[in-house]
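Remarks on the structure that follows.
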């Protein structure tokens, strides 16, 4: 009778090493995929936050729009809208430092060369506020598909005003754009007091 073999043969050791190598490679590839997926999710969340912030600022500007001349006290229009630019006066400009100014803000949004830019300044320049505009980049890598102005009858137009009463506001603004990770985004924002006011 042959004595019982102790330990593993060379072939068994080689097979075990090959199996462990394959298992290690599979685990590494799985970990790499998980890290790549995590990076993509993080990037998507970052893009979403930036988009939400930009649209939120745009909506706040619109819902606080007032029938006030955009180009000085002699002007007759409260909102000037073009296919790639909108300019209006809004209220609610916070003043935590109690500066010598009112709470009105002249705001302009424009889309150019893949950028969404916002400019703002006091609509009534004075010694404390010479009227120089500050610029803010809201979003990069964006394409504006449509910016339209909806009148009281629900008709959409590429420009505003349409020759209506002085200091008129549209009923709503339609915005459609392609943002990184979010193509075909469309928003319709209602404006307050769209009938406008005549300040004489």
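Residue numbers (our numbering): 2 to 201. By construction, the Cβ of each residue, glycine as well, lies at the ideal position given by its N, Cα and C atoms.
Among the options, nearest to residue i - alpha-carbon criterion
| i | options | result |
| --- | --- | --- |
| residue 188 | 134, 57, 120 | 57 |
| residue 70 | 105, 142, 111 | 105 |
| residue 68 | 19, 147, 167 | 167 |
| residue 113 | 47, 143, 124, 133 | 143 |
| residue 91 | 160, 59, 83, 164 | 59 |
| residue 161 | 61, 13, 85 | 85 |
Cβ-Cβ distance between residue i and residue j below 9 Å
| i | j | result |
| --- | --- | --- |
| residue 108 | residue 138 | no |
| residue 145 | residue 118 | no |
| residue 49 | residue 190 | no |
| residue 192 | residue 173 | yes |
| residue 52 | residue 163 | no |
| residue 45 | residue 182 | yes |
Same chain only: Cβ atoms within 7 Å of residue i, ignoring 5 sequence neighbours per side
| i | result |
| --- | --- |
| residue 128 | Here the model assigns residue 128 a pLDDT of 46, short of 50, so the residue's position is not dependable and the matter cannot be decided. |
| residue 158 | 149, 150, 152 |
| residue 15 | none |
| residue 134 | 120, 121, 122 |
| residue 136 | 118, 120 |
| residue 147 | 175, 177 |
| residue 200 | No answer about residue 200 holds up, because its pLDDT of 37 lies below 50 and its placement is not dependable. |
Burial state of residue i (16 or more Cβ within 10 Å)
| i | result |
| --- | --- |
| residue 115 | exposed |
| residue 22 | exposed |
| residue 32 | exposed |
| residue 75 | Interpretation of residue 75 is limited by its pLDDT of 47, a score under 50 that renders its predicted location unreliable; no figure is taken from the coordinates. |
| residue 180 | buried |
| residue 87 | buried |
| residue 27 | exposed |
| residue 110 | buried |
| residue 55 | buried |
| residue 82 | buried |
| residue 184 | exposed |
Own chain, CB closer than 6 Å to residue i, minus 5 neighbours either side, in chain order
| i | result |
| --- | --- |
| residue 19 | none |
| residue 35 | none |
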